[in-house]
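Have a look at the structure below, then the notes.
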Amino acid sequence: MRMFEYLEPLNLKETLEILSSEKGTETRILAGGTDLIVRLKRNQWKPKRVVNIKRLPELKGVSLTDTTLSIGALVTLSDVMRSKEIGEDFPVLARTCALMASPQIRNIATFGGNICNSSPAADLAPPLLCLDAEIVAVSRRGERTIPISSFFTGPGKNALNPDELLREIRIPRRYAFYSSTFQKLEGRKALDISIVAVAISAKREGYKLSDVRIGLGAVAPTPVRTASAEKILNGKAATKELIAEAATDAYRDATPIDDVRSTALYRKEMVRILVRRGLEEIAGL
Amino acid sequence: MKITFKLNSERVAIDVEPYWTLQRALHDRLEMAGVKEGCGSGECGACGVIMNGSIVPSCLILAPDAEGAEITTVEGLKRNGKLDRVQEAFVRHGAVQCGYCTPGFILSAKILLDNNPSPTDEEIRQSIEGNLCRCTGYRKIFEAIKSLCKS
Numbered sequence: 374m375r376m377f378e379y380l381e382p383l384n385l386k387e388t389l390e391i392l393s394s395e396k397g398t399e400t401r402i403l404a405g406g407t408d409l410i411v412r413l414k415r416n417q418w419k420p421k422r423v424v425n426i427k428r429l430p431e432l433k434g435v436s437l438t439d440t441t442l443s444i445g446a447l448v449t450l451s452d453v454m455r456s457k458e459i460g461e462d463f464p465v466l467a468r469t470c471a472l473m474a475s476p477q478i479r480n481i482a483t484f485g486g487n488i489c490n491s492s493p494a495a496d497l498a499p500p501l502l503c504l505d506a507e508i509v510a511v512s513r514r515g516e517r518t519i520p521i522s523s524f525f526t527g528p529g530k531n532a533l534n535p536d537e538l539l540r541e542i543r544i545p546r547r548y549a550f551y552s553s554t555f556q557k558l559e560g561r562k563a564l565d566i567s568i569v570a571v572a573i574s575a576k577r578e579g580y581k582l583s584d585v586r587i588g589l590g591a592v593a594p595t596p597v598r599t600a601s602a603e604k605i606l607n608g609k610a611a612t613k614e615l616i617a618e619a620a621t622d623a624y625r626d627a628t629p630i631d632d633v634r635s636t637a638l639y640r641k642e643m644v645r646i647l648v649r650r651g652l653e654e655i656a657g658l
Numbered sequence: 093m094k095i096t097f098k099l100n101s102e103r104v105a106i107d108v109e110p111y112w113t114l115q116r117a118l119h120d121r122l123e124m125a126g127v128k129e130g131c132g133s134g135e136c137g138a139c140g141v142i143m144n145g146s147i148v149p150s151c152l153i154l155a156p157d158a159e160g161a162e163i164t165t166v167e168g169l170k171r172n173g174k175l176d177r178v179q180e181a182f183v184r185h186g187a188v189q190c191g192y193c194t195p196g197f198i199l200s201a202k203i204l205l206d207n208n209p210s211p212t213d214e215e216i217r218q219s220i221e222g223n224l225c226r227c228t229g230y231r232k233i234f235e236a237i238k239s240l241c242k243s
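Residue numbers (the working numbering), protein chains in the order written: chain A, 374 to 658; chain B, 93 to 243.
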């Protein structure tokens with residue numbers, strides 16, 4: 374690894390001060406390090422400064438109000454799996470984390486880091502898209518809220534300005550009683566980046582599904598929702614035929630590429646299968 | 093920069109560069125030969141160490157982050173010249189061939205059994221899903237760990 378100036382701010386104010394002069398990519402934020410350190414070792418990124426934010430108390434912890442669940446940027450994937458609050462309201466997030474990486478990586482990788490790294494295959498993105506999550510970004514200039522639907526702007530790119538830090542992710546608790554699932558297709562049973570990932574959330578009353586939300590990962594330049602598939606099911610009894618129709622629409626909405634992990638053709642077909650499986654699971658079929 | 097932490101129950105203080113990984117600091121500066129660099133990207137488990145009660149990939153942690161931490165490597169498992177029961181089970185079951193992955197596996201198994209003395213087969217497999225072995229085919233590793241589970 375090349376040399377860099379190493380900074381260990383003790384609080385958010387200090388950190389935002391450091392970032393306030395940042396205009397490009399000369400400063401990189403170190404949280405869990407499971408994406409950053411790999412890039413530094415490969416000389417893919419050559420920052421002048423690395424700012425270790427692990428000690429920032431403002432970015433830690435899970436908190437609840439009547440309306441909102443807030444997950445601090447530094448909450449690790451293992452923390453998510455252990456969190457009582459997340460397990461009660463949004464078990465799909467714990468399920469998603471359990472399918473990511475490995476125990477070692479989950480013990481240091483952070484919720485905020487997965488989102489900020491903004492891979493098209495970020496596994497946390499599809500469920501958060503389904504749950505209308507909001508990103509709270511802070512800088513010395515102030516605080517703003519970015520809906521997750523506008524957060525990802527391209528492969529590895531997001532809506533944060535260079536002087537901004539992701540402080541927490543908020544999820545509206547009105548989705549807490551929705552039925553949700555996360556389906557991941559990967560080459561092995563652990564450690565692999567998704568070939569295709571599907572998250573689905575819906576209100577279920579008997580066999581009727583409404584407000585269906587389907588999030589797709591690894592099949593577009595960013596994680597995406599699939600609007601046409603969602604419309605097919607709303608308010609109707611979810612039969613296997615209707616589900617198959619919705620899954621086919623999702624297949625049409627996916628725009629994957631060929632890469633080292635898979636081909637566009639295979640991915641499109643697997644979107645259809647994972648969406649069908651996810652919907653059948655939610656509908657209890 | 094100087095960092096101070098507890099290594100295998102002993103207080104240590106060393107000079108490190110901020111761009112060193114914890115793996116490099118432990119292996120090269122503190123001669124913990126069991127903390128090996130396998131893939132260098134956190135995916136093989138060979139660099140696994142127990143840090144503040146959790147198993148972590150030391151090749152992805154910068155040395156300064158060890159400040160104030162409690163770290164256990166495989167070297168810290170032996171007590172009064174006697175092997176820890178996890179080490180002993182690996183030897184007894186023939187779960188070691190070249191030995192490169194072994195320290196990482198042993199620490200993963202130790203964390204599992206310390207927290208969950210009676211894991212299911214699935215829980216055993218999940219606990220070692222971050223450790224890769226190119227020699228053994230995993231069966232004897234699995235059997236060694238299973239032999240330590242309380243029935």
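Glycine residues also receive a C-beta, built at the ideal position from the N, C-alpha and C atoms.
These numbers were taken from a predicted model, which means no experiment stands behind them.
Distance between residue j and residue i (C-alpha atoms, nearest Å)
i: S393(A); j: G515(A); result: 11 Å
i: E578(A); j: A611(A); result: 10 Å
i: D462(A); j: T400(A); result: 36 Å
i: F97(B); j: G588(A); result: 44 Å
i: S146(B); j: F524(A); result: 32 Å
i: A138(B); j: D622(A); result: 44 Å
i: E431(A); j: L385(A); result: 7 Å
i: I198(B); j: A627(A); result: 43 Å
i: I542(A); j: I459(A); result: 12 Å
i: P528(A); j: E603(A); result: 24 Å
i: Y230(B); j: E390(A); result: 50 Å
i: D107(B); j: H119(B); result: 14 Å
i: P629(A); j: S635(A); result: 10 Å
i: V127(B); j: G168(B); result: 12 Å
i: E215(B); j: R415(A); result: 34 Å
i: G434(A); j: A117(B); result: 30 Å
i: V465(A); j: A570(A); result: 13 Å
i: S239(B); j: G222(B); result: 20 Å
First and last residue of the uninterrupted beta strand (DSSP E) at residue i
i: E653(A); result: Looking at the DSSP string, E653(A) is not in any beta strand (DSSP E); the run it does join, the alpha helix (DSSP H), is 637–656.
i: R634(A); result: Segment: none, R634(A) is in no beta strand (DSSP E) and carries neither H nor E.
i: V569(A); result: 569–578
i: S443(A); result: 441–445
i: I587(A); result: 581–590
i: N490(A); result: Run containing N490(A): none in the beta strand (DSSP E); it sits in the alpha helix (DSSP H), 484–490.
i: T599(A); result: Where T599(A) is concerned, there is no enclosing beta strand (DSSP E), given that its DSSP letter is neither H nor E.
i: Y103(B); result: Just to set this straight, residue 103(B) is Arg in the shown sequence, not Tyr. 102–107 is the extent of the beta strand (DSSP E) around R103(B).
i: L437(A); result: 435–437
Residue span of the alpha helix (DSSP H) that contains residue i, given as start and end
i: N416(A); result: No alpha helix (DSSP H) contains N416(A), which DSSP labels as neither H nor E.
i: Y624(A); result: 613–626
i: F234(B); result: 231–238
i: I478(A); result: 476–481
i: K242(B); result: From DSSP, K242(B) is part of no alpha helix (DSSP H); its letter is neither H nor E.
i: L450(A); result: 450–455
Residue i versus the options, residue with shortest Cα-Cα distance
i: A620(A); options: P629(A), G608(A), N607(A), L652(A); result: L652(A)
i: A532(A); options: A549(A), Q556(A), E507(A); result: E507(A)
i: M473(A); options: S456(A), T449(A), C489(A); result: T449(A)
i: D439(A); options: P629(A), K557(A), A593(A), Y548(A); result: Y548(A)
i: S601(A); options: S436(A), G590(A), R625(A); result: R625(A)
i: G130(B); options: A201(B), E102(B), P195(B); result: P195(B)
i: L383(A); options: T407(A), G657(A), I566(A), L429(A); result: L429(A)
i: D505(A); options: L413(A), V585(A), D408(A); result: V585(A)
i: V509(A); options: A494(A), V435(A), L538(A); result: L538(A)
i: V597(A); options: K613(A), C503(A), R415(A); result: C503(A)
i: V592(A); options: E458(A), A495(A), I410(A), E390(A); result: A495(A)
i: V424(A); options: I568(A), E458(A), L380(A); result: L380(A)
i: I220(B); options: P156(B), G191(B), A181(B), E135(B); result: E135(B)
i: A187(B); options: F234(B), K202(B), I142(B); result: F234(B)
i: Q218(B); options: T518(A), V511(A), I488(A), R479(A); result: R479(A)
Chain E residues whose Cβ lies nearer than 9 Å to that of residue i
i: M376(A); result: Here chain E cannot be found, since the structure's protein chains are A and B.
* To do: Output the residue ranges of the beta strand (DSSP E) runs that lie fully inside the stretch 493–538 of chain A and measure 3 residues or longer, sorted by chain position.
  => 507–512, 515–520, 525–527
* Asked: Are the stretch 477–490 of chain A and the stretch 568–582 of chain A in contact at 8 Å, needing three or more beta carbon pairs?
  -> no
* Segments assigned beta strand (DSSP E), at least 3 residues, entirely inside the stretch 112–182 of chain B -> 140–143, 146–149, 162–164
* Hey, is the stretch 414–426 of chain A in contact with the stretch 561–576 of chain A, meaning 3+ C-beta pairs nearer than 8 Å? -> no
* Complete runs of the alpha helix (DSSP H) confined to the stretch 375–414 of chain A [at least 4 residues] -> 385–392, 409–414
* In chain order, which continuous runs of the beta strand (DSSP E) of length 3 or greater are located wholly inside the stretch 176–223 of chain B? -> none
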